[in-house]
Amino acid sequence: MEGSWDGSLDTGSQSDDRFRLKRTHIEPIYDAFVCPLTKQVMRDHVTLENGQSYEREAIEKWLKECKESGRNEAAQLDIAHRSLTPGSSEQDVLKALKYIQHICQKSRSNRHFIRSVDLIPITVNMLKSISRRVRCKTLETLCIVAEEDAYNKEVIAEGDTIRAIMKFLSHEQSKEREEAMSLLYELSKSKALCEKIGDVNGAILILVGMTSSNSENVLTVEKAKEMCNIWLKMEDFSLFSLSYLKSMLYQSMLGGSKEQSSLPD
């Protein structure tokens with residue numbers, strides 16, 4: 001693997017070329033006028049090679065700050081991008097995921113940048129890894145990527161991702177269940193995604209079962225309870241799902257709930 005994760009990597013043109021700027025036309029959609037970093041309408045916009053537009057001053061300032069800090073984030077992200085592939089070693093993937101966590105925790109603008117360089121979909125793809133360590137770290141990383149960012153939540157939840165995350169609640173490894181529950185809880189802070197989670201076949205039964213489980217981590221149980229409470233308060237939650245949820249909670253209180261250990265295929 002080229003480069004390193006200790007801040008001493010080569011910051012030459014090979015890594016920077018991936019993120020070089022060029023002028024672009026304005027898209028006919030309003031969102032395309034708004035800079036992801038400043039959240040303001042752009043007056044002098046440029047774009048990265050992946051097509052994401054930014055206010056020139058904002059993105060140049062971001063890149064300058066990265067270089068002045070002694071860690072070329074653009075180059076590091078390039079390494080992370082190339083590391084998150086099925087052919088990479090477990091060690092390289094774990095290092096890439098750890099770096100994504102690090103940069104997202106530094107600032108909110110970094111979380112925007114993670115999305116703009118398309119790191120979220122390839123990170124989600126790591127949930128399919130045969131390595132339990134990689135799967136756990138991926139769930140943990142996605143939770144951090146999703147924090148306080150509605151757009152990142154939406155990207156994470158695209159396709160069949162929520163169902164894939166739900167399946168981790170059936171795994172024997174408690175660490176995977178805990179990380180999956182934390183991610184679902186973070187995603188549920190979006191009303192639309194909370195409803196989407198509840199619409200997954202078998203999801204309500206599994207979460208209700210977790211609320212009355214004595215074998216789960218206390219925080220995991222509390223998150224499951226909070227999600228059930230959110231569903232109960234949602235005015236536009238489907239009547240069928242709401243009725244089913246109330247029925248399952250009632251059975252759980254009576255101690256008669258038949259816990260389902262996995263989602264139906």
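In this note's numbering, the protein residues as written are 1 to 265.
Note that CB positions come from ideal geometry on N, CA and C, so glycine has one too.
field: residue 207 beta carbon less than 9 Å from that of residue 169
entry: yes
- request: State the beta-bridge partners of residue 45 as determined by DSSP.
  value: 55
- prompt: How long is the line joining the alpha carbons of residue 37 and residue 156, rounded to whole angstroms?
  reply: Their Cα atoms are separated by approximately 19 Å.
- request: Report the option in 225, 203 and 230 whose CA atom is closest to the CA atom of residue 190.
  value: 230
task: Evaluate residue 55 with the Cβ neighbour count: other Cβ atoms within 10 Å of its Cβ, from every protein chain shown; 16 or more gives buried, anything less gives exposed.
output: Taking a 10 Å sphere around the C-beta of residue 55, we find 16 or more other C-beta atoms and assign the residue as buried.
- request: Evaluate residue 150 with the Cβ neighbour count: other Cβ atoms within 10 Å of its Cβ, from every protein chain shown; 16 or more gives buried, anything less gives exposed.
  value: exposed
message: Closer than 8 Å to a non-hydrogen atom of the ligand PLP - does that hold for the CB of residue 65?
response: As presented, the structure is devoid of all ligands, the ligand PLP included, so that no description of it is given.
task: Report the residue from 132, 105 and 209 whose alpha carbon sits nearest the alpha carbon of residue 176.
output: 132
message: Give me, in chain order, the residues of the same chain whose beta-carbon lies closer than 7 Å to that of residue 111; leave out the 5 immediate sequence neighbours on both sides.
response: 104, 145, 149 and 152
query: With DSSP run on the structure shown, which of helix, strand or coil describes residue 25?
result: In this prediction, residue 25 scores a pLDDT of 39, lower than 50, which makes its location untrustworthy; the coordinate-derived value is nonetheless stated afterwards. In the three-state reduction of the DSSP assignment, residue 25 falls in the coil class.
task: For residue 34, write down the residues that DSSP places opposite it in a beta bridge.
output: 41
message: Which residue wins for smallest C-alpha separation from residue 53, given the options 226, 61, 32 and 60?
response: In this structure, 32 is the residue among 226, 61, 32 and 60 with its C-alpha nearest to the C-alpha of residue 53.
- request: Check residue 18 in the structure and name its three-state DSSP category.
  value: Interpretation of residue 18 is limited by its pLDDT of 45, a score under 50 that renders its predicted location unreliable; the figure taken from the coordinates is listed afterwards. In the structure shown, residue 18 sits in a helix (DSSP, three-state: H, G or I).
query: Does DSSP put residue 189 in a helix, a strand or coil?
result: coil
When 167, 213 and 222 are compared against residue 197, the one with the closest alpha-carbon: 167
query: Less than 9 Å separating the beta-carbons of residue 123 and residue 141?
result: yes
- prompt: Where do the ends of the alpha helix (DSSP H) carrying residue 171 lie?
  reply: Here residue 171 belongs to no alpha helix (DSSP H), and DSSP marks it neither H nor E.
- prompt: So what's residue 148 in DSSP terms, helix, strand or just coil?
  reply: coil
query: In the segment 94–164, which residue ranges form an unbroken alpha helix (DSSP H) of at least 4 residues, counting only runs that do not cross its ends?
result: 108–116, 119–124, 132–146 and 150–156
message: Please state the DSSP three-state secondary structure of residue 226.
response: helix
- request: Give a yes or no on whether the C-beta atoms belonging to residue 83 and residue 75 are separated by under 9 Å.
  value: Not in contact: residue 83 and residue 75 (Cβ atoms no closer than 9 Å).
task: Starting from residue 211, follow the alpha helix (DSSP H) in both directions and report where the run begins and ends.
output: 203–211
- prompt: How big is the Cα-Cα spacing for residue 221 and residue 159?
  reply: C-alpha separation (whole angstroms): 27 Å.
query: Do you know whose CA, among 137, 88 and 41, lies nearest residue 102's CA?
result: 137
- request: Classify residue 107 as buried or exposed, calling it buried when 16 or more other Cβ atoms lie within 10 Å of its own Cβ.
  value: exposed
field: Whole-angstrom distance between residue 43 and residue 126, CA atom to CA atom
entry: 38 Å
- prompt: Run through DSSP, which three-state label would residue 216 get?
  reply: coil
query: Three-state secondary structure (DSSP) at residue 234?
result: coil
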